[in-house]
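Novice: Take the sequence shown: its letter number 297 is residue 297 in the numbering used here, and every next letter is one higher.
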Amino acid sequence: MPETPGAPARRDARSQPTKSASAATSGRDAPLYGALDLGTNNCRLLIAKPSRDGFRVVDSFSRIVRLGEGLARTGRLDDQAMDRAYEALALCAERIARKGLDASRLTAVATQACRAAENGPAFIERVRRGTGLKLTIIDPAEEARLSVAGCMNLFDPRAEGVLVIDVGGGSTELSWMVRGDKGFESQAWMSTPLGVVTLAERHPEPETDKDAWYEAMVADVSAMLAAGGPRDPAILDLFGSGRIHMVGTSGAITSLAGIHLGLRRYQRDLVDGLWMTRADCDKAALMLKRLGPDGRAAENCIGPDRADLVLAGAAILEAVQRAWPCERVRVADRGLREGLLLQRMSQDRRRSRRRRQRRGRSNRKTGAEAAS
């Protein structure tokens with residue numbers, strides 16, 4: 001579930017472990033990094049400082065913009081949708097400036113809506129001219145890889161495999177990870193152009209016969225999934241054996257978790273890292289169907305902006321569960337943004353080490369020449 005715009009930044013001990021006093025002191029001078037993700041449904045910003053074991057969140061922002069609204073029908077980004085997204089991006093630019101974040105340490109990406117839309121590149125250029133933000137449209141493979149990187153520390157180290165499902169607004173990415181000698185390694189991945197926005201638009205919610213409507217969404221996703229996934233029998237054998245689990249990263253899945261826990265308000269510290277069974281997921285989806293649109297809108301863990309989307313997310317999860325059964329699902333309130341931050345911080349650390357090594361070699365060479 002996205003953070004509430006303007007809410008104070010929260011530190012998650014699971015993703016940024018507690019530091020010692022000395023590490024905390026040295027971290028005060030650490031540079032700020034930023035990750036901006038413009039998706040089909042959401043615009044999200046995360047600003048953080050590196051820490052010894054990850055990063056410490058300094059500020060965060062999230063707003064539902066529905067950039068991909070109507071895209072599947074027209075092939076173009078709608079004018080009002082672009083205006084909503086532009087307004088959210090302008091607010092992100094203001095936050096970035098207020099925090100003094102160096103633009104060179106901001107990584108900003110756009111995903112499925114801008115990938116698929118005929119006028120996606122033109123909108124990216126409008127954002128650059130108007131806000132100064134330079135968004136890069138990334139492909140599905142990069143999106144899947146970053147989502148895995150962002151939630152990898154939620155993998156059960158005792159598992160033999162993990163299936164990461166990233167349910168977006170316009171697409172869903174699946175990554176199959178198998179434990180090897182050096183940790184979990186990618187064995188297969190796929191992307192399908194169905195997310196919560198596109199699936200909900202294809203299947204408007206009826207007033208009656210909610211079970212048939214829900215099953216139609218599951219069947220639609222299942223047909224898309226049938227074309228992909230791993231073919232290795234050794235990997236497929238892990239499913240249903242209890243030796244593999246899922247990690248689900250999306251607002252739809254965190255909303256399911258909130259309903260499962262019966263939360264009166266969304267609490268990230270209770271949701272992120274939560275283990276749910278397949279039966280728990282099914283029960284939460286059934287509760288959402290029974291609530292209806294108005295009841296879902298009244299739930300604080302969902303709200304009016306997600307009321308018509310959350311069951312599309314549950315249907316996507318259900319279709320994946322039927323194709324590759326996993327008894328355990330771990331909920332991740334993290335993903336692509338965290339992956340962007342970790343990647344950039346790691347790159348800068350490697351560059352810094354190489355510079356130090358070059359200086360060391362240069363100093364040793366100079367010293368040897370002086371001695372001779």
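Backbone N, C-alpha and C define an ideal beta-carbon position, used for all residues, glycine too.
Using the C-alpha atoms, what's the distance from S104 back to S26?
Specialist: Taking the sequence shown and counting its residues from 1, the one referred to as residue 26 is at position 26. Taking the sequence shown and counting its residues from 1, the one referred to as residue 104 is at position 104. Here S26 scores only 47 on pLDDT, less than 50, and its place in the model is too uncertain to base an answer on.
Novice: So V178 and I235 are supposed to be a Cβ contact under 8 Å. How far apart are they, rounded?
Specialist: Residue 178 sits at position 178 when you count from the first residue of the sequence shown. Residue 235 sits at position 235 when you count from the first residue of the sequence shown. Between I235 and V178 the Cβ distance is about 6 Å, and since that is below 8 Å, they are a contact.
Novice: Identify whether V148 lies in helix, strand or coil by the three-state DSSP scheme.
Specialist: To locate residue 148, count along the sequence shown from 1; it is residue 148. V148 falls in the helix class under three-state DSSP.
Novice: Closest by CA to R330, which one among G273, E215 and L163?
Specialist: Within the sequence shown, residue 330 is the residue found at index 330, counting from 1. Check the Cα spacing between R330 and each of G273, E215 and L163: the tightest is with G273.
Novice: How is the alpha helix (DSSP H) around H260 delimited, first residue to last?
Specialist: The count along the sequence shown starts at 1 and reaches residue 260 at position 260. Counting along the chain, H260 sits inside the alpha helix (DSSP H) bounded by residues G251 to L261.
Novice: By a C-beta neighbour count over all protein chains shown, 10 Å radius and 16 as the cutoff for buried, is E173 buried or exposed?
Specialist: As a working mapping, residue 173 is identified with position 173 in the sequence shown. Answer is buried; the Cβ neighbour count reaches 16.
Novice: How many whole angstroms separate the CB atoms of D166 and S147, which I take to be in contact at a CB cut-off of 8 Å?
Specialist: What you label residue 166 is simply residue 166 of the sequence shown in a count that begins at 1. What you label residue 147 is simply residue 147 of the sequence shown in a count that begins at 1. Going by Cβ atoms, the distance from D166 to S147 rounds to 4 Å, so yes, they are a contact pair.
Novice: Reducing DSSP to helix, strand and coil, say where C114 ends up.
Specialist: Position 114 of the sequence shown holds residue 114. DSSP places C114 in helix when its eight states are reduced to three.
Novice: If you follow the beta strand (DSSP E) that T192 is in, where does it begin and where does it stop?
Specialist: By 1-based counting over the sequence shown, the position of residue 192 is 192. Under the DSSP assignment, T192 falls in the beta strand (DSSP E) whose first and last residues are G183 to T192.
Novice: Where in the stretch 304-353 do unbroken runs of the beta strand (DSSP E), each at least 3 residues long, occur, reported from the N-terminal end onward?
Specialist: 328-332
Novice: D29: which of L45, N42 and R56 sits nearest, CA to CA?
Specialist: As a first step, residue 29 must be located in the sequence shown, where it is residue number 29. Closest by alpha carbon: R56.
Novice: Going by Cα to Cα distance, which pick from C281, D156, G258 and P293 is closest to P204?
Specialist: To locate residue 204, count along the sequence shown from 1; it is residue 204. Closest in C-alpha terms to P204, from the list C281, D156, G258 and P293, comes P293.
Novice: In terms of alpha-carbon separation, which member of G170, W189, M246 and D139 lies closest to L154?
Specialist: Counting from one through the sequence shown, the residue named residue 154 turns up at place 154. Comparing Cα positions, the closest option is M246.
Novice: Output the distance between the C-alpha atoms of S191 and A159, rounded to the nearest integer angstrom.
Specialist: Here residue 191 refers to the residue found at position 191 when the sequence shown is read from its first residue. Here residue 159 refers to the residue found at position 159 when the sequence shown is read from its first residue. Roughly 24 Å between the two C-alpha positions.
Novice: Given T198, which residues of its chain have a CB within under 6 Å of its CB, disregarding the five upstream and five downstream residues?
Specialist: Translated into the one-based positions of the sequence shown, residue 198 becomes position 198. Apart from the 5 residues on each side of it in sequence, T198 sits with its Cβ closer than 6 Å to the Cβ of A72 and G170 in its chain, given in chain order.
Novice: Go through its chain and collect everything with a Cβ distance to S352's Cβ below 8 Å, but skip five positions before and after it.
Specialist: Position 352 of the sequence shown, counting from 1, holds the residue named residue 352. If we look at S352 and ignore the five residues flanking it on each side, it has no Cβ neighbours.
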